Structures are given as C-alpha cells and as structure tokens.
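254 is the number of the first residue of the sequence shown in this note's numbering; add one for each residue after it. Notes follow once the structure below has been shown.
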Amino acid sequence: MDQKVTKPQPPTEATLQRLAGVVGARYALRDDEDKQPYLVEWRDKYFGAAAMVLRPGSVEEVSQLLAIANETHTAIVPQGGNTGLVGAQIPFESGHEIVLSLSRLNRVRDIDAADNTITVDAGCVLQSIQDAADRVDRLFPLRIGSEGSCQIGGNIGTNAGGTAVLAYGNTRDLVLGLEVVLADGRVWNGLRRLRKDNTGYDLKNLFIGSEGTLGIVTGAVLKLFPRPRDKATVFIGLPSPANALELLGLAQERTGRRVTGFEIMPRFGLEVVITHGQNMRDPLAEPHPWYVLMELSGGGSPGTLNDTASDILAEAAEAGWVSDAALAASEAQAGDFWRLREVVSETQKHEGGSIKFDVSVPVSSVPDFIDEVSAACKALEPGCRPLQFGHMGDGNIHSNITQPVGADKQAFLDRWGDFNDVVHEVVARFQGSISAEHGVGRLKRDWMPRIKQPLELEMMYMLKHQLDPNGILNPGKVLPPQN
C-alpha cells in the first residue's frame, strides 16, 4: 500500500478566526485558564496543549468546523466528558491542534418505549440517558464508573464496556444507528432504528471504537430494554479465581442470561476501598482471599431471584467454592455493594503509583491469567502489589499493579514500559486483547504493530486514508505513524 495519510499543519490566525466565527467568541476558548480543563487527563497521565477549544452547539456547526479544518489541514481532537483512560481525548503538546468539545450537543432527541429505542446527541451524559430510559420504564444497560460525567459519544468512540457486558454486550451491541460528520464536513445520517438491515456494509461499525479518527459521532440511536422487575445482588467471599469461575458457570447454568453482573476483586482491593473510601465497610464477617459481586436480574416476581441466588450459593458452598456471602436486603444495600467495586480505581491512587492494564482473555482462562500476571510482575518488581479486578463474566480484567510500599512513585511509574512488555506477553500467550474496553488512544498505539497482522494494519490505514485523507481527525491516535 503506497497511500499515506498526510500530516496536518499548524493553524494560522486567519484559520482560528474562521473557526471561532462558526461558534461565536463565547464558545471559542483561547485563554489558557479556560482551555486547561480540556487539556489534562483526569489521572494526570497526559498533559496537552491546544490552539483553541471549540464548543459547537449543533451538528451544522460541527459540519462547518470540519469543512474549514479539512480545507486548512488543521488537526481536530474530538472530546466528550474527558474521562478516557488511554489519552485519545487529549491533544499533543505542540499546541497546534484544536479540541472539539461536544458537551453542548446534549439533547435527548426522541424516545420510543414501544420501539425500545432512544435517539440522543453525542454530548449526552450517560447517566442522563439512563434516567430518560427509566422515566419510560425502560433500561439502558451501559454501566460504567464514570457514568455521571462521561458522554455517549465518547462511549461510542471507545466501544465502552462496563459491568453489564456479559448480559447486554459492549456499546457496539447497543447502537442501532449513528449520525457522523466526516472529515470534509459532510454529514452521514444513519440514524436508523431497524433491528435488521442487510443492505450492504454495516457502516456504523466503522466509527464505533474508532476514537474519533474516522469521523465525529454527533448522534446515535440506542437500544432500550425492559426494566428488570426483580434483582438479587450478592457479595461473596471465596478462596480463588478458579472458584469464582466455577460459581459463574453454575449461576449461568441455573439462570441463563439473568446473570447481569459478575465482578471479581482480591482482598487487597477491598482493603484499599475500605481504607481510602468514604463510609465503606466489609459486608462479610471474616476476610477472604477473593470476592465476587454477583447480580441476577429478571422480569419475574420480586424476591424470586433472591431465592434463586440462595440456592446457587448453597450449592456452591457445598462444593467448596464459596466461603461466605451477603445477599442484599434492599436496593440501598445493593448500591453499597456496587460502590465497593466502583471506587477501586479512584481509591487505589492513595496507595501510590499504579500501572494499569485493561485486557481481556477467554473467560475460562481468567484464573490462570491472573496467576501468571501476578507472578510475572512480582518477578519484575519484587514487592509490587497486583490488584487485578473487574469483569470476570466477560473475561475483561483490569490488571493494575501498585507500587511497593515506600517506593518512589515516579521511579515506579517510569517502569510502565517494562510492565507493558511483561503483562502484554502474558496476554498474547492466552490469545487475549491488550484493550478490552478503554480503547487504544496514545497509551497503546505503538503496540498495534506487535498485536495486529500486517494485513489488518494495512486495511486500517486504507480506511483512514479514504475517510480522512488530510489526516485531520485525532492524528497520532490508535494507528502509529507510517514509515
């Protein structure tokens, strides 16, 4: 393949004035203090610079902005709620890029309970979509820790996962149609509500997970589901991840798709949460090496699934897989159980430096994978503290490695590349993925040639060239520069 995407150019003052003229001075931020919130990743891993931050208020304005940017070869970095974990939403340090914030595009355009669909702007906060669905007695099942601030456009751009993937799928599985502004400013209206459409290529899937490198999503039609009438939430102590795998198999065998959450956490993770979180406590009387948070949901009579969960736990305890368990007696207590899982990442920072991985392996391989990653990391850095937790039900484990007690934080973080090699080699042995739900962005971009076949990369570059020949959309993200 001899086609290469061209490189964008620094914007001239005339270009900046043209761009600002589209949205108005109020929504064209050039002051350093005004721009700052858009230039820093929330974990303080990436710090960028930008010539301007633009906040368009309509699809038409996004279209005009991209037409100008394409004409002038000006780089555009789309940004949602700035909750991403791989640096895709942060501009580089040159200061030549434009951040395009979609936060003003935040309308729920339509909701149809009979059709089980909701049509929204890309800037809608995820929780507002959940709330809108709830008001018509429906469920939008995407559940992630940042749902109070992340935006659906970013969720679509990264193909976000979350805690309900094993029952409902990733974001990709929840999208029926998209509206996308292409690099040259043309608007593709693919906001279809069809459950079946076999007329050619599935264009929407080109943009889901593309992290703003092929087009900018401005609207989406999303699937809704009947709201569960019955739910059982259980916090479970058990000896090992292998026992957790046995429990998962038993629960799915007994209930099928009613297992809507199955999260695993080590004792170290629970200790971190209890120590550094607010109003957190251990639901069980004694400590256990590992924990599972299991949720069953369904449409039956309230209380039925509590009985089902109790039967599953009794059978698992008899087999020696479960040591103790607490079944939530109320929605409030179920919420308390979930908060123990949801605040792991934010409380872990109080233990010092943390090197984080978002990886996936076949579900059946999770126990062996956890063991091998822990052993490999401890061999690399004696005293480091693996904190591997997450979505065991779909094989997505967040293999976080906390610095040794008393170690120098920056010196530990400087070894991120060494840990990358160690953890990703284990992932490769298990035929897994180095990015399960957070995307590639800047963090994992340079690993792409090591994990993708040459033909796969060639096809990706071909798509990039055809849809963004001037290379203005989120340059330097996802795909490494071509030689």
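The beta carbon of each residue, even a glycine, is placed where N, CA and C say it ideally should be. Because the structure is a prediction, the values reported are computed rather than measured.
Indicate whether the contact test is met: 3 or more Cβ pairs, each with one atom in the stretch 482-501 and one in the stretch 547-554, closer than 8 Å.
yes
If Gly-253 and Glu-432 are in contact, beta carbons under 8 Å, what's the gap, nearest whole angstrom?
Given a span of 254 to 736 for the chain in the structure shown, any question on residue 253 remains unanswerable.
Rounded to whole angstroms, how far is the Cβ of Asn-649 from the Cβ of Ala-689, which I believe are closer than 8 Å?
Against the sequence shown, residue 649 aligns to sequence position 396. Against the sequence shown, residue 689 aligns to sequence position 436. At roughly 4 Å, the Cβ-Cβ gap stays under 8 Å, so Asn-649 and Ala-689 are in contact.
Range covered by the alpha helix (DSSP H) that runs through Gln-270
Here residue 270 is taken as the residue at index 17 of the sequence shown, counted from 1. 266-276 is the extent of the alpha helix (DSSP H) around Gln-270.
Count Cβ pairs between the stretch 658-673 and the stretch 387-404 that sit closer than 8 Å; are there 3 or more?
no
Output the boundary residues of the beta strand (DSSP E) element that contains Arg-362.
Taking the sequence shown and counting its residues from 1, the one referred to as residue 362 is at position 109. Looking at the DSSP string, the run of the beta strand (DSSP E) that includes Arg-362 is 361-365.
Could you tell me which residues DSSP pairs with Ala-485 in its beta bridges?
Along the sequence shown, one-based indexing puts residue 485 at 232. Beta-bridge pairing links Ala-485 to Leu-549.
Evaluate Met-254 with the Cβ neighbour count: other Cβ atoms within 10 Å of its Cβ, from every protein chain shown; 16 or more gives buried, anything less gives exposed.
In the sequence shown, counting from the first residue as 1, residue 254 sits at position 1. Note that Met-254 scores 47 on pLDDT, short of 50, meaning its location in the model is unreliable; the coordinates nonetheless yield the value given after this. With fewer than 16 other Cβ atoms within 10 Å, it is exposed.
What number of angstroms, rounded off, separates the C-alpha of Pro-722 from the C-alpha of Ile-461?
Stepping through the sequence shown from its first residue, residue 722 is reached at position 469. Stepping through the sequence shown from its first residue, residue 461 is reached at position 208. Using only the alpha carbons, I get a separation of about 19 Å.
What's the gap between the Cα of Val-378 and the Cα of Gln-404?
Within the sequence shown, numbered from 1, the residue matching residue 378 stands at position 125. Within the sequence shown, numbered from 1, the residue matching residue 404 stands at position 151. Cα-Cα distance, rounded: 4 Å.
Would a C-beta distance cut-off of 9 Å place Leu-477 and Trp-574 closer than the cut-off?
Working through the sequence shown from its first residue, we reach residue 477 at position 224. Working through the sequence shown from its first residue, we reach residue 574 at position 321. Result no, Cβ atoms of Leu-477 and Trp-574 do not sit closer than 9 Å.
Please say whether Phe-672 and Ile-623 have beta carbons closer to each other than 9 Å?
If you number the sequence shown from 1, residue 623 lands on position 370. If you number the sequence shown from 1, residue 672 lands on position 419. It is not a contact, given that the beta carbons lie outside the stated cut-off.
Phe-672: first and last residue of the uninterrupted alpha helix (DSSP H) it sits in
Here residue 672 refers to the residue found at position 419 of the sequence shown. Here the alpha helix (DSSP H) through Phe-672 covers 669-682.
Going by C-alpha distance, which of Val-619, Leu-558, Ala-320 is nearest Ala-581?
Here residue 581 corresponds to residue number 328 of the sequence shown, with the count starting at 1. Out of Val-619, Leu-558, Ala-320, Leu-558 has the C-alpha closest to the C-alpha of Ala-581.
Between the alpha carbons of His-541 and Asp-564, how many angstroms are there, rounded?
Start at 1 with the first residue of the sequence shown, and residue 541 comes out as number 288. Start at 1 with the first residue of the sequence shown, and residue 564 comes out as number 311. C-alpha separation (whole angstroms): 21 Å.
Quick check on the DSSP output: the alpha helix (DSSP H) that includes Ile-343 runs from which residue to which?
On the sequence shown, residue 343 is found 90 positions in, with the first residue counted as 1. Run containing Ile-343: none; DSSP gives neither H nor E here.
Glu-286: which of Tyr-299, Ala-436, Ala-303 sits nearest, CA to CA?
Residue 286 sits at position 33 when you count from the first residue of the sequence shown. Closest option to Glu-286, Cα to Cα, is Ala-303.
Which parts of the stretch 478-540 are runs of the beta strand (DSSP E), unbroken and 3 residues or longer, counting only runs that do not cross its ends?
Assignment of beta strand (DSSP E) within the stretch 478-540, counting only whole runs of 3 or more residues, yields 483-491, 512-519 in chain order.
Could you tell me the alpha carbon to alpha carbon distance between Leu-392 and Asp-560, rounded to whole angstroms?
The sequence position of residue 392 within the sequence shown is 139, counting from 1. The sequence position of residue 560 within the sequence shown is 307, counting from 1. Leu-392 and Asp-560: Cα-Cα distance of roughly 24 Å.
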